[in-house]
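Asks: Attaching a single structure in structure tokens format; questions to follow.
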């Protein structure tokens, strides 16, 4: 478990972001975490340590008995987990005309996909038909690439849910939106609330209900907060449920792929696993069982971050690759391959990264991924995810500035790993490995010969119990791998200079949520008004010194479409606001000095004087 000093540090940080006046009225998921304020100045080891402390906040208990926020271990959260798990159990025992739907946008939708497939596989082992289905805003394209425009459409969300549930009489709908903000999910929850004879809605997020987004949604009569308030009214009758423990601000402000994704995985896997155990082995769903499950995930955090030095070494290698205009490639097997693809896909919207900077590939490609739409490789090179695609398209041009990371377990075909690694090593010496083994099943000694010292190996104790329990170890491997890959990709982009303090300032402003976040960032760092921040953002977005009337009065949707064609919009606007430079001068300075913090400081000291 974390040391006393670390726990004290987290407690002080949590007290700061929990204090009533801290950064109000920003929702917790959008706040700046005090633990990571200087992460942009950190080296690889310190980056990993900061991420360790931030991730530990997911499992932190209430600071005070009267704490204003619910946590993962809070009694009300545990009771809600129990009630939803009981609904899962009831459906599994009588699945006729029933469906469990998990839905979300971006990271939340990808986790919905992962969990849906995982628990359908458990059902298959019991000779039961699939009961789970997933929805992701933008469809299966969004599993691999950023498809943010659909996130802003409540009507689209409702329509997709309606089509998914045709003919079903009992649907447990789990809508995931870390900030209680996604219009796509709001539309689905509203649809459920209007059809409670069929649907039981569950909202999963990580802000208090009063922090749900209350801004108008274009073309829709409700706000997300209004939908949340309707659900609150139904909690007592158990016709709707809300799971919204607060897990603290993200290490990189607003990057809900990290703690938000982690907490989603922990919460939903815990309640789904307990529902399955009750249905298949008649074990009771009780308070202690839920606590034991969450504590097992907390133990995964301890085990994963016990490898800080090894992980920091991989972060440093990946960062060096991006600094030298190289690339980072994940080569994974089975669901750990999916984790690599998910992590890589999130770097483009999070850091404004090039789609080719970090890429994920998995053995078997789409046939192993088992997504609804099947093989998407015809849609473009970014949808080529098979190891064969890596061999055919990437390996010939692989060089010493590239980092290749193998991700596998002792249950995978090590002969396949060895064969692929031998070919990669002919092109670059920068070959790393993340691998999981468990007691009684270890890798052959030659694994060390293949990867030399560049191997991050974790040994696990397999759970005792039935076949369903064996799945739990793979779920733990997935979470451990998620933490490590998040650290690698986040750390690499920090080392490249894509983060300003602890803000992902070079984000792509491609939907209304990111548009508002961008203006908020400009306000925070320059003290400008909302209007001033918006005008600077639009000037940078359209690359003009003065806005036309049409630009100034256009709907946000037009601006977000235009953002797809613009680079470094927020950094440019920041330099303009802080220094008084023209847009063209700011762009030129950023071209000469690509590290944002250095570029801003250079402009402040020289360009304007």
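Residue numbers (the numbering used here): 1229 to 1837. Beta carbons are placed, not taken as given, at the ideal position from N, Cα and C, and that holds for glycine. Source: prediction; values computed, not measured.
For residue 1547, I'd like the list of residues in its chain whose CB is within less than 7 Å of its CB, leaving aside the five on either flank, ordered along the chain.
Replies: Mapped onto the chain shown, residue 1547 falls at position 319. Hits under 7 Å: 1272, 1719, 1720, 1723, 1724.
Asks: If distances are taken between C-alpha atoms only, which option among 1514, 1665, 1747 comes closest to residue 1760?
Replies: In the chain shown, the residue the question calls residue 1760 occupies position 532. Nearest option by C-alpha distance: 1747.
Asks: Might you give, ordered along the chain, the residues of its own chain that have their beta carbon closer than 8 Å to the beta carbon of residue 1821, omitting 5 neighbours on each side?
Replies: Numbered from 1 along the chain shown, position 593 holds the residue referred to as residue 1821. So the list reads 1827, 1830, once near-sequence residues are dropped.
Asks: Excluding five sequence neighbours on each side, which residues of the same chain lie with their C-beta closer than 8 Å to the C-beta of residue 1667?
Replies: As a first step, residue 1667 must be located in the chain shown, where it is residue number 439. For residue 1667, where only same-chain residues beyond five positions count, the Cβ hits under 8 Å are 1687, 1688, 1689, 1690.
Asks: Give the C-beta separation of residue 1729 and residue 1265 to the nearest angstrom, bearing in mind that I take them to be a contact with Cβ-Cβ under 8 Å.
Replies: Along the chain shown, read from residue 1 onward, the residue named residue 1729 stands at position 501. Along the chain shown, read from residue 1 onward, the residue named residue 1265 stands at position 37. Going by Cβ atoms, the distance from residue 1729 to residue 1265 rounds to 6 Å, so yes, they are a contact pair.
Asks: Ends of the alpha helix (DSSP H) at residue 1607?
Replies: Position 379 of the chain shown holds residue 1607. Here residue 1607 belongs to no alpha helix (DSSP H), and DSSP marks it neither H nor E.
Asks: Span of the alpha helix (DSSP H) holding residue 1458?
Replies: Here residue 1458 corresponds to residue number 230 of the chain shown, with the count starting at 1. Residues 1452 to 1460.
Asks: Does DSSP put residue 1686 in a helix, a strand or coil?
Replies: For the purposes of this step, residue 1686 is taken as residue 458 along the chain shown, with counting starting at 1. Strand.
Asks: Considering only C-alpha positions, which residue in the set 1512, 1324, 1326 is nearest to residue 1314?
Replies: Numbered from 1 along the chain shown, position 86 holds the residue referred to as residue 1314. Ranking 1512, 1324, 1326 by Cα distance to residue 1314 puts 1512 first.
Asks: I'd like the span of the beta strand (DSSP E) that includes residue 1427, first residue to last.
Replies: Walking along the chain shown from the start, residue 1427 turns up at place 199. 1427 to 1432 is the extent of the beta strand (DSSP E) around residue 1427.
Asks: Taking the C-alpha atoms as reference points, what is the distance between residue 1755 and residue 1255?
Replies: Here residue 1755 refers to the residue found at position 527 when the chain shown is read from its first residue. Here residue 1255 refers to the residue found at position 27 when the chain shown is read from its first residue. Each residue's alpha carbon lies about 19 Å from the other.
Asks: What does the alpha-carbon distance come out to for the pair residue 1251 and residue 1819?
Replies: Here residue 1251 is taken as the residue at index 23 of the chain shown, counted from 1. Here residue 1819 is taken as the residue at index 591 of the chain shown, counted from 1. With a pLDDT of 42 at residue 1251, under the threshold of 50, the modelled position of that residue is not reliable, and the figure given next carries that caveat. Roughly 33 Å separates the two Cα atoms.
Asks: Taking residue 1794 as the reference, give the member of 1503, 1533, 1581, 1296 with the closest Cα.
Replies: Position 566 of the chain shown, counted from the first residue, corresponds to residue 1794. For residue 1794, the nearest C-alpha among the options comes from 1581.
Asks: Between which residues of its own chain and residue 1704 is the CB-CB distance below 8 Å, once the five residues before and five after are set aside?
Replies: Position 476 of the chain shown, counting from 1, holds the residue named residue 1704. For residue 1704, where only same-chain residues beyond five positions count, the Cβ hits under 8 Å are 1524, 1525, 1528, 1688.
Asks: Taking the alpha helix (DSSP H) that residue 1679 belongs to, which residues open and close that run?
Replies: Working through the chain shown from its first residue, we reach residue 1679 at position 451. First-last of the alpha helix (DSSP H) with residue 1679: 1674 to 1679.
Asks: Apply the 10 Å Cβ neighbour rule to residue 1647 and answer buried if 16 or more other Cβ atoms are within range, or exposed otherwise.
Replies: As a first step, residue 1647 is located in the chain shown; it is residue number 419 there, counting from the start. Result: exposed.
Asks: At which residues does the alpha helix (DSSP H) containing residue 1515 begin and terminate?
Replies: Translated into positions along the chain shown, residue 1515 becomes position 287. Looking at the DSSP string, the run of the alpha helix (DSSP H) that includes residue 1515 is 1515 to 1532.
Asks: What's the C-alpha gap between residue 1316 and residue 1510?
Replies: Within the chain shown, residue 1316 is the residue found at index 88, counting from 1. Within the chain shown, residue 1510 is the residue found at index 282, counting from 1. Distance between the alpha carbons of residue 1316 and residue 1510 is about 13 Å.
Asks: Quick check: the Cα distance between residue 1249 and residue 1330, rounded to an integer number of angstroms?
Replies: As a position in the chain shown, residue 1249 is number 21, starting the count at 1. As a position in the chain shown, residue 1330 is number 102, starting the count at 1. The predicted position of residue 1249 is uncertain, since its pLDDT is 39 and thus under 50; no value can be drawn from it.
Asks: If you follow the alpha helix (DSSP H) that residue 1282 is in, where does it begin and where does it stop?
Replies: Here residue 1282 refers to the residue found at position 54 when the chain shown is read from its first residue. Looking at the DSSP string, the run of the alpha helix (DSSP H) that includes residue 1282 is 1272 to 1284.
Asks: Please work out which residues of its chain come closer than 8 Å, Cβ to Cβ, to residue 1758, disregarding the five sequence neighbours upstream and downstream, and give them in chain order.
Replies: Residue numbering aside, residue 1758 sits at position 530 when the chain shown is read from its first letter. So the list reads 1747, 1751, once near-sequence residues are dropped.
Asks: How many angstroms separate the CA atom of residue 1602 from the CA atom of residue 1683?
Replies: On the chain shown, position 374 is the one that residue 1602 refers to. On the chain shown, position 455 is the one that residue 1683 refers to. Straight-line Cα distance between these residues: approximately 33 Å.
Asks: Can you tell me the Cα-Cα spacing of residue 1457 and residue 1336, whole angstroms?
Replies: Within the chain shown, numbered from 1, the residue matching residue 1457 stands at position 229. Within the chain shown, numbered from 1, the residue matching residue 1336 stands at position 108. Roughly 22 Å between the two C-alpha positions.
Asks: Please state whether the Cβ-Cβ distance between residue 1415 and residue 1385 is less than 8 Å.
Replies: Here residue 1415 corresponds to residue number 187 of the chain shown, with the count starting at 1. Here residue 1385 corresponds to residue number 157 of the chain shown, with the count starting at 1. Their beta carbons are under 8 Å apart, which means residue 1415 touches residue 1385 by this criterion.
Asks: Would the region 1498 to 1507 count as touching the region 1771 to 1780 if we require 3 or more Cβ pairs under 8 Å?
Replies: Touching, no, given that fewer than three Cβ pairs across the two stretches are closer than 8 Å.
Asks: Beta-carbon of residue 1366 versus every beta-carbon of chain C: anything under 8 Å?
Replies: The structure shown contains no chain C; it holds only a single protein chain.
Asks: Taking the alpha carbon of residue 1275 as the reference point, which residue from 1543, 1702, 1431 has its own alpha carbon closest?
Replies: One-based indexing of the chain shown puts residue 1275 at position 47. Measuring from the Cα of residue 1275, the nearest candidate turns out to be 1543.
Asks: Would you report the Cα separation of residue 1562 and residue 1678, rounded to the nearest angstrom?
Replies: By one-based count along the chain shown, residue 1562 stands at place 334. By one-based count along the chain shown, residue 1678 stands at place 450. If I take the Cα positions, the gap works out to 21 Å.
Asks: Take every Cβ of the region 1426 to 1433, pair it with every Cβ of the region 1451 to 1471, and state whether three or more of those distances are shorter than 8 Å.
Replies: yes
Asks: Got a sec? Which residues, its chain only, sit under 6 Å from residue 1497 by beta carbon, not counting five neighbours each side?
Replies: Position 269 of the chain shown, counted from the start, is the residue given in the question as residue 1497. Same-chain partners within the cutoff: 1703.
Asks: What residues are listed by DSSP as bridge partners for residue 1567?
Replies: Here residue 1567 refers to the residue found at position 339 when the chain shown is read from its first residue. Residue 1567 is not bridged by DSSP to any residue.
Asks: Is the region 1373 to 1383 touching the region 1405 to 1412 in the sense that three or more CB pairs, one from each, lie closer than 8 Å?
Replies: yes
Asks: For the beta strand (DSSP E) that residue 1664 lies in, which residues bound it at each end?
Replies: Your numbering for residue 1664 matches position 436 in the chain shown. Where residue 1664 is concerned, the enclosing beta strand (DSSP E) stretches over 1659 to 1666.
Asks: In whole angstroms, what separates the C-alpha of residue 1579 from that of residue 1733?
Replies: Position 351 of the chain shown holds residue 1579. Position 505 of the chain shown holds residue 1733. Straight-line Cα distance between these residues: approximately 7 Å.
Asks: Rounded to whole angstroms, what's the CA-CA distance from residue 1811 to residue 1375? Just pull it up for me.
Replies: Indexing the chain shown from 1 puts residue 1811 at position 583. Indexing the chain shown from 1 puts residue 1375 at position 147. When rounded, the distance between both Cα atoms is 28 Å.
Asks: Name the DSSP beta bridge partners of residue 1669, please?
Replies: For the purposes of this step, residue 1669 is identified with residue 441 of the chain shown, where counting begins at 1. Beta-bridge pairing links residue 1669 to 1666.
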